[in-house]
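Per mature numbering (1 follows the signal peptide of the UniProt record, and there is no 0), the sequence shown runs over residues -19 to -1, 1 to 436.
Note sheet for the following structure.
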Amino acid sequence: MNKIKIVICLIFLYNNLNAQSISAHGSFSLFRCNNGTVQATGINIYGQLGDGTFTDKSVPTQVSGLTVIIEAVAGGVHSHFLKNDGSVWAVGGNNNGELGDGTNISKNIPVQLIGLTGTIKLANGDFNSFFVKNDGSVRATGYNYFGQLGDGTNINRNTPVPINSLTGITSCSASQLHSLFLKNNGTVWATGFNQQGQLGDGTNIQRFTPVQLLGLSGITSVACGAVHSLFLKNDGTVWSVGGNQNGQLGDGTFTDKNSAIQVSGLSGIIAISAGYYHSLFLKNNGTVWVVGGNSYGQLGDGTTLDKNIPVQLSSLTGVIAISAGSEHSLFLKNDGTVWSVGLNEFGQLGDGTNTNRNIPIQITQVCNVTLEAPENDIENGISIYPNPCKQELFIDYHEYPNTTIDVFNIQGQLVKSILLKSFQTILQINDLTNGVYLVNIKNSKGKTFKKIVKQ
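Here it is as structure tokens:
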């Protein structure tokens, strides 16, 4: 029984060590941890952090009462969470009905939404929200003055309504005044405000029901900025349309477009994200490229100068996910660490300060867990190095007799186990895949835990 409890404990501890996904919008950030809980940082005037208060936070704090979350999405003033049973929970600003709970009352503790079972994907705009269901239909709620809900009206909604003209939808994206929908055939449909051509239909005409974007096929991902739109194709190229006052379209100009154009110099892109006036691109080699507005350093290139041609962030490698807020950016690396850059007025960067940054910094307290305190002095007597490591891991421990080293992977599976036979032991790890591992050191005197990164 003790052995089973130890393994379960190790799995629990390990899964708490890292962020699994990130979401930035407005002036706050959400982090979904590997154990299914969610943490949040930044502005909290409407309770959007979900911690039961209306107080801003500058370090990640736990969202109250949420477990087994598989998606966490930030909006302009609100947040939505998808549980593994398909239920949806909401918190934050609700003046326009964006929470979808049938009221216009803001909440600082997440509440469950009724009638959204079977939801598989979420998308939040500044003041509206969208829910993609497993049958390819979409429900929408919130601010609708410019037709951004796509239901054929300009009436705000506080309970999700179907967008009847849409079928076969796999994902969507929303921002201030317009919305994008991706169909399972690779086409894109758009609705809402169109003054700067952000709908990409070749006009500047406002739409109250979704229209198909011209000349785009093979699209695998869409992203809405404040006045621009991004599209990722299945060949790894990126296309953009709409407002370009800060160069966010990435075509080398500052001229608005109402038909999609290809972003200059990008290939091998696997993810896109749009902030208010900046754009982020993740390549298949783990590098990040950025373009557009940079007044607060949100591009992360060490300057505050706008760019109209994508530039690489040389300080970041091994990135597996990106997310752009209004004027800040988040990056998740393959070692489970999270990095942030840009505007930090409300603590949205999560570094414990309100200082803006123009070079990405690590959020050291995200999804942290306090590991079990050692039962004796084993913690002080053991040394494991180098960390990060590549081929070999050195373990120094003078009280080595009857000491066991167990190594667990991200799934909580035991991948290595050895008995120390001298004061210095070399553990071969060249056969392990790159990533984060939890090392358990134990003997008759006690146990302790160490996190290592294999590169």
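Where is the CB? At the ideal position from N, CA and C, for every residue including glycine.
Predicted model, so just to flag it, every value in this text is computed and none were measured.
>> If I measure Cβ to Cβ from Val40 and keep anything under 7 angstroms in the same chain, skipping five residues before and after, which residues do I get?
In response: Within the sequence shown, residue 40 is the residue found at index 59, counting from 1. Closer than 7 angstroms at Cβ, skipping near neighbours: Thr22, Gly331, Gly333, Gln346.
>> Taking 8 angstroms as the limit between beta carbons, can you name the residues of its chain near Thr268, skipping five residues before and five after?
In response: Walking along the sequence shown from the start, residue 268 turns up at place 287. Closer than 8 angstroms at the Cβ level, and outside the excluded window around Thr268, lie Gln293, Leu294, Leu297, Thr298, Val300.
>> Here's a check: name, in chain order, each residue in its chain whose Cβ is nearer than 6 angstroms to the Cβ of Lys431, leaving out the five neighbours to either side.
In response: Stepping through the sequence shown from its first residue, residue 431 is reached at position 450. Contacts found: Ile365, Val420.
> Apart from the five residues just before and just after Leu370, which ones in its own chain have a Cβ nearer than 8 angstroms to its Cβ?
Replying inline: Reading the sequence shown from its first residue, position 389 is the one you call residue 370. The displayed chain sequence assigns Cys, not Leu, to residue 370. Ile410, Ile433, Val434, Lys435, Gln436.
>> Rounding to the nearest angstrom, what Cα-Cα distance links Asn175 and Ile290 in this structure?
In response: Counting from 1 along the sequence shown, the entry for residue 175 is found at position 194. Counting from 1 along the sequence shown, the entry for residue 290 is found at position 309. Rounded to whole angstroms, Asn175 to Ile290 spans 24 angstroms at the Cα level.
>> Taking 8 angstroms as the limit between beta carbons, can you name the residues of its chain near Leu395, skipping five residues before and five after?
In response: Against the sequence shown, residue 395 aligns to sequence position 414. Counting only Cβ-Cβ distances below 8 angstroms, and skipping sequence neighbours, we find Val(-13), Asp387, Val388, Phe389.
> Given 8 angstroms as the limit, is there contact between the segment 186 to 205 and the segment 120 to 139, that is, 3 or more CB pairs closer than that?
Replying inline: yes
> Can you list, in chain order, the stretches of the alpha helix (DSSP H) that have 4 or more residues and sit fully within the segment 117 to 205?
Replying inline: none
> With Tyr124 and Gly73 assumed to form a contact (beta carbons below 8 angstroms), what rounded beta-carbon distance in angstroms separates them?
Replying inline: For the purposes of this step, residue 124 is taken as residue 143 along the sequence shown, with counting starting at 1. For the purposes of this step, residue 73 is taken as residue 92 along the sequence shown, with counting starting at 1. Going by Cβ atoms, the distance from Tyr124 to Gly73 rounds to 14 angstroms, so no, they are not a contact pair.
>> According to DSSP, Asn89 sits in a beta bridge with which residue or residues?
In response: Sequence index remark: in the sequence shown, residue 89 carries index 108 (1-based). Answer by DSSP bridge pairing: none, since Asn89 is not bridged.
> What are the complete beta strand (DSSP E) segments, minimum 3 residues, inside the segment 3 to 42?
Replying inline: 9 to 14, 19 to 23
> According to DSSP, is Phe112 helix, strand or coil?
Replying inline: One-based indexing of the sequence shown puts residue 112 at position 131. DSSP places Phe112 in strand when its eight states are reduced to three.
>> Using only CA atoms, which one of Lys397, Asn335, Lys402 lies nearest to Ser8?
In response: Working through the sequence shown from its first residue, we reach residue 8 at position 27. When each option's Cα is compared against that of Ser8, the closest is Asn335.
>> Rounded to whole angstroms, what is the Cα-Cα separation between Leu286 and Thr98?
In response: Stepping through the sequence shown from its first residue, residue 286 is reached at position 305. Stepping through the sequence shown from its first residue, residue 98 is reached at position 117. Cα-Cα distance, rounded: 45 angstroms.
>> Could you compute how far the alpha carbon of Thr234 sits from the alpha carbon of Ile303?
In response: The residue given as residue 234 occupies position 253 in the sequence shown. The residue given as residue 303 occupies position 322 in the sequence shown. Approximately 24 angstroms between the Cα atoms of the pair.
>> Given this structure, state the Cα-to-Cα distance separating Glu326 from Ile24, to the nearest angstrom.
In response: What you label residue 326 is simply residue 345 of the sequence shown in a count that begins at 1. What you label residue 24 is simply residue 43 of the sequence shown in a count that begins at 1. Whole-angstrom Cα-Cα distance: 9 angstroms.
> How should Thr48 be labelled, buried or exposed, when 16 other C-beta atoms within 10 angstroms of its C-beta is the threshold for buried?
Replying inline: Against the sequence shown, residue 48 aligns to sequence position 67. Flag for Thr48 reads exposed.
>> Classify Glu373: buried if its beta carbon has 16 or more other beta carbons within 10 angstroms, exposed otherwise.
In response: By one-based count along the sequence shown, residue 373 stands at place 392. Looking at its Cβ environment, which holds fewer than 16 other Cβ atoms inside 10 Å, Glu373 is exposed.
> With burial defined as no fewer than 16 other Cβ atoms inside 10 Å of the residue's Cβ, what is the status of Leu180: buried or exposed?
Replying inline: Taking the sequence shown and counting its residues from 1, one reaches residue 180 at position 199. Answer is buried; the Cβ neighbour count reaches 16.
> Going by the beta-carbon positions, is the gap between Ser202 and Leu194 smaller than 8 angstroms?
Replying inline: Within the sequence shown, numbered from 1, the residue matching residue 202 stands at position 221. Within the sequence shown, numbered from 1, the residue matching residue 194 stands at position 213. No.
>> Since Ala244 and His259 should fall inside the 8 angstroms C-beta cutoff, what is the C-beta to C-beta distance between them, to a whole number of angstroms?
In response: The residue you call residue 244 lines up with position 263 of the sequence shown. The residue you call residue 259 lines up with position 278 of the sequence shown. Looking at the sequence shown, residue 244 is not Ala but Val. The Cβ separation is near 13 angstroms, so there is no contact.
>> Among Ile50, Gln29, Thr34, whose alpha-carbon lies nearest the alpha-carbon of Ala(-1)?
In response: For the purposes of this step, residue -1 is taken as residue 19 along the sequence shown, with counting starting at 1. Answer by Cα proximity: Ile50.
>> I believe Gly256 touches Gly206 by the beta-carbon criterion, under 8 angstroms. Please report the beta-carbon distance rounded to the nearest angstrom.
In response: Here residue 256 refers to the residue found at position 275 of the sequence shown. Here residue 206 refers to the residue found at position 225 of the sequence shown. Confirmed, about 6 angstroms.
>> Suppose contacts are defined by Cβ-Cβ distances below 8 angstroms. Is Pro141 in contact with Ala121 by that definition?
In response: Position 160 of the sequence shown, counting from 1, holds the residue named residue 141. Position 140 of the sequence shown, counting from 1, holds the residue named residue 121. It is a contact, given that the beta carbons lie within the stated cut-off.
> For the beta strand (DSSP E) that Leu297 lies in, which residues bound it at each end?
Replying inline: In the sequence shown, residue 297 corresponds to position 316, counting from 1. No beta strand (DSSP E) holds Leu297; DSSP gives it neither H nor E.
>> Among Lys64, Ser2, Asp82, whose alpha-carbon lies nearest the alpha-carbon of Gly96?
In response: In the sequence shown, counting from the first residue as 1, residue 96 sits at position 115. Of the candidates Lys64, Ser2, Asp82, the one whose C-alpha sits nearest the C-alpha of Gly96 is Asp82.
> Considering only the beta carbon of each residue, do Ala104 and Pro91 sit closer than 8 angstroms?
Replying inline: Translated into positions along the sequence shown, residue 104 becomes position 123. Translated into positions along the sequence shown, residue 91 becomes position 110. Result no, Cβ atoms of Ala104 and Pro91 do not sit closer than 8 angstroms.
>> Among Gly46, Phe262, His6, Thr36, whose alpha-carbon lies nearest the alpha-carbon of Lys17?
In response: Against the sequence shown, residue 17 aligns to sequence position 36. Lys is not the amino acid found at residue 17; the sequence shown has Gly there. Out of Gly46, Phe262, His6, Thr36, Gly46 has the C-alpha closest to the C-alpha of Gly17.
>> In whole angstroms, give me the CA-to-CA distance for Ile186 and Gly178.
In response: Translated into positions along the sequence shown, residue 186 becomes position 205. Translated into positions along the sequence shown, residue 178 becomes position 197. When rounded, the distance between both Cα atoms is 8 angstroms.
> Does the Cβ of His309 have 16 or more other Cβ atoms within 10 Å, making it buried, or fewer, making it exposed?
Replying inline: One-based indexing of the sequence shown puts residue 309 at position 328. His309 should be labelled buried.
> Which whole-angstrom value is the C-beta distance of Tyr126 and Asn135, which I expect to be below 8 angstroms?
Replying inline: In the sequence shown, residue 126 corresponds to position 145, counting from 1. In the sequence shown, residue 135 corresponds to position 154, counting from 1. 5 angstroms between Cβ atoms; contact.
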